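These protein sequence lines are chains H and X, in that order.
Anchor point for the first sequence: position 286 equals 286 in the UniProt record's numbering, and the numbering is continuous, going up by one each time.
Anchor point for the second sequence: position 307 equals 307 in the UniProt record's numbering, and the numbering is continuous, going up by one each time.
Read through the structure below, which is laid out as structure tokens, and then see the notes.
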Amino acid sequence: MDLSAINPLLFVAGFLVAATPLIFAAIGELVVEKSGVLNLGVEGMMITGAICGFATAVETGSPLLGFAAAAVGGAALSLLFAFLTQVTLANQVASGLSLTLFGLGLSALIGQSYVGIKPPRLGDIDFGPLADIPVIGPILFTHDIILYLGIALVAGVWAVLKFTRAGLILRAVGESHDAAHALGYKVKRIRTAAILFGGACAGLGGAYISLIRVPQWTEGMTAGIGWIALALVVFASWKPWRALLGAYLFGGITQLQLNLQGAGVAIPVEYLAMSPYIITIIVLVVLSADKSAAPASLGRTFHASN
Amino acid sequence: MTDYLLDLSGVTKAYPGVVANDDVSLRIAPGEVHALLGENGAGKSTLVKMIYGLVKPDAGQMQMHGQSYAPTDPHAARQAGVGMVFQHFSLFDALSVAENIALGMENPPKMRELSQQIRDVSDTYGLPLSPDRIVGDLSAGERQRVEIIRCLLQEPKLLIMDEPTSVLTPQEVEILFKTLRKLSAEGTAILYISHKLEEIRSLCDSATILRLGKVVGHCTPRETSARDMAEMMVGSALKTPTRESKEPGKVVLTLDKLSARSDSAFGMPLREISVEVRCGEVLGIGGVAGNGQDELLNALSGETLVSPGMLTFDGRDIGLFGPTSRRALGVLTAPEERLGHAAVPDMSLTENAMLTGAAREGLERGGMLDWAKARSFAEKIIEAFDVRTPGPGNAARSLSGGNLQKFVIGREVLQRPELLVVNQPTWGVDASAAAAIRQALLDLASGGTAVIVISQDLDELMEISDNFAALNEGRLSPPRPAQGLTVEEIGLMMGGAHGMEVADV
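See below:
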């Protein structure tokens with residue numbers, strides 16, 4: 001075993017990358033749940049975004065177009081969920097689970113001819129001299145634009161929820177859809193918009209895996225990140241910054257266990273591979289002592305006559 | 001007719017199978033306090049929802065200040081100067097007072113300015129309220145203030161109030177009425193819905209009475225007796241519950257410093273409740289909602305277990321008995337929430353009868369259910385309590401509130417309880433059904449059962465209780481004989497006005 005083989009700078013830069021798909025998926029789901037909807041289809045929307053983004057990037061040669069397509073693909077799949085839960089008033093848990101299964105199958109079908117291809121690479125942003133600052137430069141200023149977009153998204157969602165009227169209305173709908181309806185707010189319209197936002201975010205997260213983190217296409221490559229995102233939202237008590245923290249924790253431990261595997265630590269690989277999931281959940285369970293933070297209408301079907 | 005603020009003529013609204021409003025006409029002048037009376041299902045709520053833009057009328061005209069008025073949604077209604085205070089508060093528990101108020105405004109100012117406006121309005125009308133508090137922590141009276149201030153900030157020309165006093169102490173009602181009279185003097189018209197006829201007599205200038213969706217009469221409440229108004233609503237003479245007087249028997253239930261935590265985040269813990277209940281006694285427990293009523297019922301039913309020594313029934317310590325063991329002993333309960341707590345909404349009446357009747361009625365043998373017997377038990381309840389339903393196979397959800405209430409009370413009464421605890425037995429039930437339920441409780445007590453009635457309806461408690469006690473912040477006042485208690489004394493037992501001030505402007 002040779003721990004000196006782990007380069008701390010590369011390690012930190014690597015875990016920022018590893019955390020990014022999770023950040024996108026979690027912040028999208030956080031907005032959805034704040035509106036009172038529980039969408040368990042995150043995994044399905046991520047994998048759909050991953051293949052839509054991958055295919056588009058390969059066909060057009062533009063990774064940014066790929067990301068745009070991923071957002072559209074994730075949102076399109078979430079539209080199906082919105083139709084099921086908001087129009088036909090189907091059960092949200094069952095609809096979400098079927099969305100995940102459907103997304104996994106659909107992505108495998110689309111992806112048949114893309115196995116083994118390398119996608120075009122998205123270049124890092126040129127920060128000029130900033131990248132040459134020792135330690136901080138290689139960690140913070142050697143990434144692609146999507147990674148920074150993810151962090152900006154967390155800040156944006158936090159600010160919108162906390163300071164704007166739109167955010168207040170979204171929280172109100174999630175808190176009591178009956179009261180919101182009585183005051184004249186369009187509950188279904190607001191929830192559908194939130195679901196679409198969540199779908200687009202999940203799609204971006206998926207594409208970040210297939211275009212940047214891995215970068216290639218294999219079936220089921222999101223490997224449960226969508227489920228971790230769901231757990232992250234709950235354990236982060238629906239707070240954007242805490243979700244970001246949880247994502248970095250998960251990304252950090254994932255990166256660490258990969259490095260440890262590389263360094264040949266004498267722990268069975270299976271234990272190392274499961275460690276990020278276990279540690280993230282334990283830490284977030286400890287953090288989530290304030291249980292009253294859940295939106296009160298979460299998962300409940302709204303019908304105007306009730 | 002431009003003297004009228006609001007002029008409704010021939011308004012009709014039908015839902016599948018029921019005409020909620022049939023050719024209803026109504027006129028309100030500026031500054032008038034107008035009462036809307038009627039039993040459950042008479043169409044009062046549908047009518048005000050049309051005025052507030054939540055429901056569209058099928059036919060008929062609405063005019064405001066002589067102009068056609070047809071709000072498509074509550075936003076339009078608010079812009080036209082209509083404000084509404086809801087029966088079930090339309091508030092968001094997890095949000096602050098200021099956020100709740102901003103949600104009900106068309107063009108809310110910045111939060112800091114809004115907080116200042118809230119303080120100004122609450123000072124002007126004697127309704128103290130801190131903008132930063134979380135609504136879930138407020139008392140019922142304070143919550144209502146949030147709704148009223150939300151309306152007042154819009155400077156409404158018409159204020160609709162749907163049963164505003166059902167959750168207030170007498171002192172809080174007095175403060176509310178002072179505020180309403182002040183508003184009316186300033187020219188704001190008020191459309192006031194309530195079941196409490198004495199309040200209407202003291203507050204309202206005129207009244208419209210609805211029955212089965214139709215206007216059946218108008219009256220001037222100050223010149224009409226409450227009984228006459230009630231009979232106009234029901235359409236027939238009212239029976240007042242009666243009972244034979246009887247000496248109370250031996251003590252059957254003893255609560256000794258009963259304390260319990262609440263299961264819900266915004267609940268109220270019980271604090272050292274001590275009281276004795278005798279055979280044949282009706283103990284009335286009053287108090288504003290949220291002061292421990294649900295928790296007390298749960299502690300008595302066995303849904304919440306309490307420490308040994310706190311709860312003794314017939315010489316036995318039952319604090320650690322669950323609901324089924326307590327039922328077997330004869331301790332029966334009927335909780336407040338009809339749909340979801342007292343009855344399973346999507347199950348049939350037979351199944352619901354089985355759920356609480358299994359042990360005492362012998363509907364279950366060795367784990368096997370005797371459906372034939374359960375069905376005849378359900379039929380017995382339906383017949384004895386005049387429950388209007390096609391049959392015991394119908395789902396509990398399909399019954400109207402009053403009918404289901406008769407069913408869930410009847411189900412317990414017919415099981416020959418030794419002790420019956422009911423919470424809000426006539427909540428949302430019209431006058432004739434309420435009288436029938438109260439009579440059943442009194443008959444039960446005459447037969448030697450101890451009855452505890454938890455209710456927010458003080459008139460009801462005064463009518464049927466032998467002794468009266470009040471719950472306030474989880475504590476129970478010492479019981480006093482109900483005969484001769486004055487409204488002021490009751491109000492003080494209930495905790496007075498919860499720190500509210502009277503508008504003195």
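Ideal placement from N, C-alpha and C gives every residue a C-beta, glycine not left out.
Model, not experiment: these values are computed from the prediction.
Item	Value
At a CB distance below 7 Å, what residues from the region 86 to 101 of chain X approach chain C? Give them in sequence order.	Chain labels in this structure do not include chain C; the protein chains are H and X.
Note down, in chain order, all residues in the region 70 to 82 of chain X with a beta-carbon under 9 Å from any beta-carbon belonging to chain H.	Asp73, Pro74, His75, Ala76, Ala77 and Arg78
Identify every run of the beta strand (DSSP E) within the region 151 to 180 of chain X, keeping only runs that are complete inside it and at least 3 residues long; order them along the chain.	158 to 162
So, with DSSP's three-state summary, where would you put Ala294 (chain H)?	coil
Which residues in chain X have a C-beta closer than 8 Å to the C-beta of Leu183 (chain H)? List them in chain order.	Pro74, Ser90, Leu103 and Gly104
Give the range of the alpha helix (DSSP H) segment to which Ala194 (chain H) is assigned.	Val187 to Tyr208
Would you kindly check if the distance between the Cβ of Val42 (chain H) and the Cβ of Ala202 (chain H) is under 7 Å?	yes
Counting only beta-carbon separations shorter than 7 Å, does Ala207 (chain H) have a partner in chain X?	no
Taking the CB atoms as reference points, tell me whether Gly61 (chain H) and Leu211 (chain H) lie closer together than 7 Å.	no
Between which two residues does the alpha helix (DSSP H) harbouring Cys52 (chain H) extend?	Val42 to Thr60
Taking DSSP's pairing of strands, which residues face Val135 (chain X) in a bridge?	According to DSSP, which records beta bridges pairwise, Val135 (chain X) is partnered with nothing at all.
Using the C-alpha atoms, what's the distance from Leu258 (chain X) back to Leu320 (chain X)?	13 Å
Cα separation between Glu489 (chain X) and Arg326 (chain X)?	35 Å
Do you know whose CA, among H:Lys118, H:Ala57 and H:Leu40, lies nearest Leu101 (chain H)'s CA?	H:Leu40
With the cut-off set at 7 Å, would you say Ala172 (chain H) and Ala180 (chain H) are in Cβ contact?	yes
What does the Cβ neighbour count give for Ala273 (chain H), buried or exposed, with the cut at 16 atoms within 10 Å?	exposed
In chain order, what residues of the region 149 to 169 of chain H put their CB closer than 9 Å to some CB of chain X?	Phe163, Arg165, Leu168 and Ile169
Taking just the CA atoms, how far does Gly340 (chain X) sit from Pro128 (chain X)?	36 Å
Can you name the start and end residues of the alpha helix (DSSP H) that Asn352 (chain X) belongs to?	Leu349 to Gly357
Ser176 (chain H) versus chain X: which residues are under 7 Å apart at the beta carbon?	Phe92
With a 10 Å radius around its C-beta and 16 neighbouring C-beta atoms as the bar for buried, classify Tyr15 (chain X) as buried or exposed.	exposed
Using a Cβ-Cβ distance cut-off of 7 Å, determine whether Ala20 (chain X) contacts chain H.	no
Mapping DSSP to helix, strand and coil, what is Gly174 (chain H)?	helix
Between Ala131 (chain H) and chain X, is the shortest Cβ-Cβ distance under 7 Å, so that the two count as touching?	no
Decide yes or no for the touch test of the region 65 to 83 of chain H against the region 191 to 198 of chain H: beta carbon pairs closer than 8 Å, at least 3 of them.	yes
Kindly confirm or deny that the region 64 to 76 of chain H and the region 85 to 95 of chain H touch, where touching means at least three C-beta pairs closer than 8 Å.	no
What does a CB cutoff of less than 7 Å around Lys106 (chain H) pick up in its chain, not counting 5 residues either side in sequence?	A quick correction: the sequence has Leu, not Lys, at residue 106 (chain H). Hits under 7 Å: Thr48.
Assuming Asp162 (chain X) and Gly184 (chain H) make a contact with CB atoms under 8 Å, what is their CB distance in whole Å?	Not confirmed; about 16 Å, so no contact.
Ala431 (chain X) and Ala230 (chain X) - do their beta-carbons sit closer together than 7 Å?	yes
Could you check the C-alpha separation between Thr208 (chain X) and Val33 (chain X) for me, to the nearest Å?	11 Å
By Cβ distance below 8 Å, which residues in the same chain neighbour Thr179 (chain X) in space, the five residues on each side in sequence not counted?	Tyr125, Gly126, Leu127, Ile148 and Ala503
For Thr165 (chain X), tell me which candidate among X:Gln144, X:Met232 and X:Ser446 has the shortest Cα-Cα distance.	X:Gln144
Which residues in chain X have a C-beta closer than 7 Å to the C-beta of Ala172 (chain H)? List them in chain order.	Phe92, Leu95 and Leu103
Taking only beta-carbon positions, decide if Ala179 (chain H) is within less than 7 Å of chain X.	yes
Go to Ile209 (chain X), then tell me how far its beta strand (DSSP E) extends in each direction, as first and last residue.	Ser206 to Arg211
Just curious, the beta strand (DSSP E) that Val269 (chain H) is in, first and last residue?	Premise fails: Val269 (chain H) lies in the alpha helix (DSSP H), Val269 to Leu287, not in any beta strand (DSSP E).
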